[in-house]
Amino acid sequence: MASIYDHVEVRDSDHPDGVYRVVGTTADTVTLLHVADADGRRLHSGRTVSVSHSTYEELPSASNPDDGGSITDVLTSLPATGYWAVRGSARQLAASPVRTLLAVAAVVVGAVGPRALSVSPLVLDGLLLGGILGLVLIGEGRV
3 MASIYDHVEV RDSDHPDGVY RVVGTTADTV TLLHVADADG RRLHSGRTVS VSHSTYEELP
63 SASNPDDGGS ITDVLTSLPA TGYWAVRGSA RQLAASPVRT LLAVAAVVVG AVGPRALSVS
123 PLVLDGLLLG GILGLVLIGE GRV
């Protein structure tokens, strides 16, 4: 019997090979979402297929491709992930030059202020923290 969120492996059929997740059932069919390719790499294709209950029962069960990756996969993906994060943030910062300049100024004053200004350390810490938070929010496109 098909249960929502079960995973099965589809091979040698009219549908692309890979891992499929059960996303719906009716009296006659089971609806499957294609979630990983034949090598187990996660997909976000949105492709759904409907199969009969008898066809579904013949499919071998599969492990959930979302059940964490190996540490090697995580470490090898860091450079690409970091590149796109920096690139996206840089574009957002460039799109708001005045806000970015104000946030950078707050960070600089907060960081070098104790050596150059006779202002309360609490104020300088607030500027530093506020500037960093501002840069993060601007870089993420939140403000």
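Following the working numbering, the numbering of the sequence shown begins with 3 at its first residue and continues without gaps.
Idealized CB from N, CA, C, for every residue including glycine.
- Message: Taking the beta carbon of Gly90 as the centre, do at least 16 other beta carbons fall within 10 Å, making it buried, or is it exposed?
- Response: The residue given as residue 90 occupies position 88 in the sequence shown. Its Cβ having fewer than 16 others within 10 Å, Gly90 is exposed.
- Query: Taking DSSP as the reference, what is the three-state secondary structure of Val28?
  - Reply: In the sequence shown, counting from the first residue as 1, residue 28 sits at position 26. It is Thr, not Val, that sits at residue 28 in the sequence shown. Assignment of Thr28 by DSSP, reduced to helix, strand and coil, places it in the coil class.
- Given Leu103 as reference, the closest of Ile73, Gly132, His9, Asp41 once Cα atoms are compared: Working through the sequence shown from its first residue, we reach residue 103 at position 101. Nearest of Ile73, Gly132, His9, Asp41 to Leu103, Cα basis: Gly132.
- Message: I'd like to confirm the pairing. Which residues does DSSP put opposite Glu11 in its beta bridges?
- Response: Numbered from its first residue, the sequence shown carries residue 11 at position 9. According to DSSP, which records beta bridges pairwise, Glu11 is partnered with Val21.
- Does any C-beta atom of chain C lie closer than 8 Å to the C-beta of Arg49? Among the protein chains of the structure shown there is no chain C, as only one such chain exists.
- Specify the secondary structure class of Arg43 as computed by DSSP and reduced to three states. Walking along the sequence shown from the start, residue 43 turns up at place 41. The answer is coil: DSSP assigns Arg43 none of H, G, I, E or B.
- Query: From what residue to what residue does the alpha helix (DSSP H) around Val100 run?
  - Reply: Residue mapping note: residue 100 aligns to position 98 of the sequence shown, counting from 1. Element bounds for Val100: 99-118.
- Burial state of Asp16, where buried means 16 or more other Cβ atoms lie within 10 Å: The residue you call residue 16 lines up with position 14 of the sequence shown. With a 10 Å radius around the Cβ and a threshold of 16 neighbouring Cβ atoms, Asp16 comes out exposed.
- Message: Glu142 and Pro62 - do their beta-carbons sit closer together than 8 Å?
- Response: As a position in the sequence shown, residue 62 is number 60, starting the count at 1. As a position in the sequence shown, residue 142 is number 140, starting the count at 1. Not a contact, by the Cβ cut-off of 8 Å.
- Residue from Ser79, Ile6, Asp39, Met3 with nearest C-alpha to Pro18: By one-based count along the sequence shown, residue 18 stands at place 16. The shortest Cα separation from Pro18 among Ser79, Ile6, Asp39, Met3 belongs to Asp39.
- For Val88, does the three-state DSSP call read helix, strand or coil? Here residue 88 refers to the residue found at position 86 of the sequence shown. If DSSP states are grouped into helix, strand and coil, Val88 belongs with the helices.
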